[in-house]
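Note that the sequence shown covers residues 183 to 688 in the working numbering. Just below is one structure, and these are the notes that go with it.
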Amino acid sequence: MNIAHLLLGSSQEFCDHVALARGEAPHLGFRELWRKVSVMSTHLRVHFGLQPGDRVAFALSNCVESIEVMYAIWHAGLCAVPMNAKLHAREFAFILANSGARLCFVTPDLATTIAEAAREAPDLKEIVDVSTRPYGFMAVGDPSPMADRESEDAAWLFYTSGTTGRPKGATLTHRNLLVMTLNYYADLDRPVAGGSMVHAAPISHGSGLWNFPMLARGVAQVFPESGKYDVPETVALMNRWPDCSIFLAPTMVKRLVEHPDVGDLRPGALRLVTYGGAPMYVSDLKRALDTLGSVLCQLYGQGESPMTITHLSREMHALRDHPRWEARLASAGIADSCVEVRVVDEQGQRLPAGEVGEIIAKGDTVMSGYWNDPGATARSLRDGWLWTGDVGSLDEDGFLTLKDRSKDMIISGGSNIYPREIEDVLNLHPAVAECSVVGRPHPEWGEEVVAFVVTRPGAVLTSAELDRLCLDNIARFKRPKDYRFIDALPKNNYGKILKTELRALL
Ligand code: AMP
């Protein structure tokens with residue numbers, strides 16, 4: 183089954199309802215969108231000569247074209263490679279080369295960066311800027327029939343940062359995406375045609391994945407004109423478009439709740455606010471519930487099982503009289519309908535309620551593997567179970583509490599940052615003898631990056647030099663906010679650096 187089939191259904195059932203909007207202005211209805219992607223699909227196959235299964239990447243700031251591009255890709259039987267618009271040219275280059283993408287769509291702000299990255303991606307033949315005439319021409323011509331796809335075929339390569347510092351492409355199949363969509367209806371909400379969703383978070387991640395349950399039920403997808411998260415603009419759009427759903431990282435919920443404009447929200451404007459991707463502090467959650475009402479729903483998932491593993495529903499948030507209400511707010515909820523969840527020891531044996539171990543998950547949303555990386559796949563998928571790398575415990579009622587994150591990953595502003603990647607860059611400097619990167623709690627961002635650096639004897643090194651090095655090599659949001667120069671790194675008997683001790687120093 184081809185996931186583009188969802189759009190065919192919407193074009194038949196919801197015809198002229200608004201499918202996409204640019205800010206306050208409607209852009210396309212469902213029938214128009216179907217027609218447009220069917221024509222774009224012809225261009226992808228005929229003009230660009232792409233064959234079923236070929237990868238097509240995109241680096242787009244949030245915009246209506248992102249949905250057009252995605253469905254044109256699937257309609258033509260191709261595989262989408264969404265890339266986070268905030269990445270560095272080197273990171274884009276790695277993803278483009280690793281996925282073997284042959285075509286990449288860009289917004290004008292990213293055109294130069296992608297052109298630079300393309301030099302290291304030999305398979306990439308074309309870059310199409312969605313603001314230019316060549317993109318406009320893709321909507322002119324004859325439609326073609328939707329390509330046949332098997333449920334197990336790759337539909338979306340979701341690039342996560344690996345602990346080795348290199349991104350890994352979680353291969354999501356058409357089945358994974360369909361089951362994730364049905365799970366939304368089973369566990370979170372069944373949206374109503376004529377409602378809306380505002381895309382304030384990156385389309386390459388959670389917000390983009392929620393396009394499916396919205397599009398399939400006739401919900402308008404609204405893209406802020408700024409292409410990013412701006413609270414006053416978001417509030418205005420929530421007031422403009424009816425029955426609004428939105429996906430936000432916990433830090434984005436906090437920014438909304440603390441902004442004076444939240445008082446301007448029309449009563450009943452919000453239908454559902456899903457949040458996840460990082461821990462949400464209970465005090466922040468209570469404040470959000472008091473301010474926004476019973477519209478919050480948490481999800482715990484990862485690229486390898488997109489938007490699905492556990493959830494804390496709207497109804498569970500609302501049960502204030504329940505004796506374990508607070509504990510539940512601090513949890514990530516219960517297993518999703520489509521996923522079995524266990525907490526296990528290192529041998530994979532189930533642990534009793536209350537004991538902390540690794541969280542593993544099994545179900546039809548779990549990826550088929552990492553793209554071109556059998557070693558990493560074998561480590562993550564064992565006997566049909568996904569080893570999440572997250573640590574937590576289940577209580578007697580089946581509520582999962584995440585105790586810690588995959589070892590040393592830092593989550594800042596909802597984005598995952600892997601220390602190894604930054605350490606690799608800092609180690610490029612000849613004056614760096616050793617370094618180690620950890621997260622420090624931050625009231626707004628959740629965590630911020632701090633680097634501990636040991637300089638070579640006699641060498642002189644400044645924070646500014648290291649900052650420059652990071653700016654030249656990795657995305658801005660990943661670079662350390664603080665550099666601490668120390669004499670030696672704490673190590674255990676095996677010579678391994680003790681990050682716990684470094685965190686304690688902070
Ligand atoms: P990603 O693959 O980028 O979606 O990141 C997934 C990781 O984010 C998970 O493995 C968790 O460590 C973390 N995460 C996701 N959802 C939650 C949540 N609700 N609470 C705490 N951490 C979360």
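In this text, a Cβ means the ideal position worked out from N, Cα and C, and glycines have one as well.
Closest by CA to THR167, which one among GLY515, ARG502, GLN484 and GLY459?
With the chain covering only 183 through 688, there is no way to say anything about residue 167.
Quick one: measure Cβ to Cβ for VAL238 and LEU210, integer angstroms, because I've assumed they're closer than 8 Å.
In fact, because the Cβ distance is near 20 Å, the residues do not count as touching under 8 Å.
Are ALA352 and MET591 close, meaning C-beta to C-beta below 8 Å?
No, the pair does not count as a contact, with Cβ atoms beyond the cut-off.
Which word fits ARG453, buried or exposed, when buried means at least 16 other C-beta atoms lie within 10 angstroms of its C-beta?
buried
Within a Cβ cutoff of 7 Å, which residues of the same chain sit near ALA470, ignoring the five residues on either side of it in sequence?
Same-chain partners within the cutoff: VAL435, VAL439 and LEU478.
When you compare only the Cα positions, how much space is there between HIS381 and ASP606?
34 Å
What is the rounded straight-line gap between the Cα of LEU430 and the Cα of VAL404?
14 Å
Compute the minimum distance between the beta carbon of ASN598 and the heavy atoms of the ligand AMP, and state whether it is under 7 Å.
yes
How many whole angstroms separate the CB atoms of MET379 and VAL401, which I take to be in contact at a CB cut-off of 8 Å?
6 Å
Output the distance between the C-alpha atoms of GLU522 and ARG564, rounded to the nearest integer angstrom.
14 Å
Evaluate ARG301 with the Cβ neighbour count: other Cβ atoms within 10 Å of its Cβ, from every protein chain shown; 16 or more gives buried, anything less gives exposed.
exposed
Quick check: the Cα distance between PRO556 and LYS350, rounded to an integer number of angstroms?
Taking the straight line from one Cα to the other gives about 11 Å.
When burial is assigned at 16 or more other CB atoms within 10 Å of the CB, is PHE319 buried or exposed?
exposed
So that I know if they touch, is there some Cβ in chain C lying closer than 8 Å to that of THR416?
Included in the structure is just one protein chain, with no chain C present.
Given 8 Å as the limit, is there contact between the region 404 to 421 and the region 214 to 231, that is, 3 or more CB pairs closer than that?
no
Excluding sequence positions up to five away, which residues of its chain have a Cβ less than 7 Å from the Cβ of ARG213?
The beta carbon of ARG213 sits closer than 7 Å to those of SER193, CYS197 and ASP198, all from its chain and outside the five residues before and after it, given in chain order.
Within the present structure, is the beta-carbon of GLY458 separated from the nearest heavy atom of the ligand NAD by less than 7 Å?
The ligand NAD is not part of the structure shown, which contains the ligand AMP as its ligands.
Pick from VAL200, GLU497 and CYS245: whose alpha carbon is nearest that of SER476?
GLU497
Is the beta carbon of LEU568 less than 8 Å from the beta carbon of SER562?
yes
Thinking just about the alpha-carbon of each residue, which of LEU474, PRO304, PHE394 and PRO290 is nearest to the one in PHE156?
Residue 156 lies beyond the range of the chain shown here (183 to 688); nothing can be said about it.
Does the beta carbon of TYR317 fall short of 7 Å from some heavy atom of the ligand AMP?
Checking every heavy atom of the ligand AMP against the Cβ of TYR317, none is found closer than 7 Å.
Among TYR253, ASN609 and HIS387, whose alpha-carbon lies nearest the alpha-carbon of GLU647?
ASN609
Buried or exposed, going by whether 16 or more other CB atoms sit within 10 Å of the CB of GLN480?
buried
Which whole runs of the beta strand (DSSP E) in the region 385 to 409 are 3 residues long or more, in chain order?
402 to 405
Give every residue of the same chain whose Cβ lies closer than 6 Å to the Cβ of LEU215, excluding the five residues on either side of it in the sequence, and list them in chain order.
ALA201
Please confirm whether GLY595 and GLY621 have their CB atoms less than 8 Å apart.
For the 8 Å CB-CB criterion, GLY595 and GLY621 do not form a contact.
Leaving out five residues before and five after LEU391 in sequence, what residues of the same chain have Cβ atoms less than 6 Å from its Cβ?
A distance below 6 Å between beta-carbons, with the five flanking residues on each side excluded, links LEU391 to the following residues of its chain, in chain order: PRO488 and MET489.
Under three-state DSSP, which class holds TRP423?
coil
Report whether the distance from the Cβ of GLY571 to the nearest heavy atom of the ligand AMP is below 7 Å.
yes
Just to check, is the beta-carbon of LEU370 closer than 7 Å to a non-hydrogen atom of the ligand AMP?
no
Would you check if the distance between the CB atom of GLU247 and the CB atom of VAL312 is smaller than 8 Å?
yes
Taking only three categories from DSSP, how would you classify PHE276?
helix
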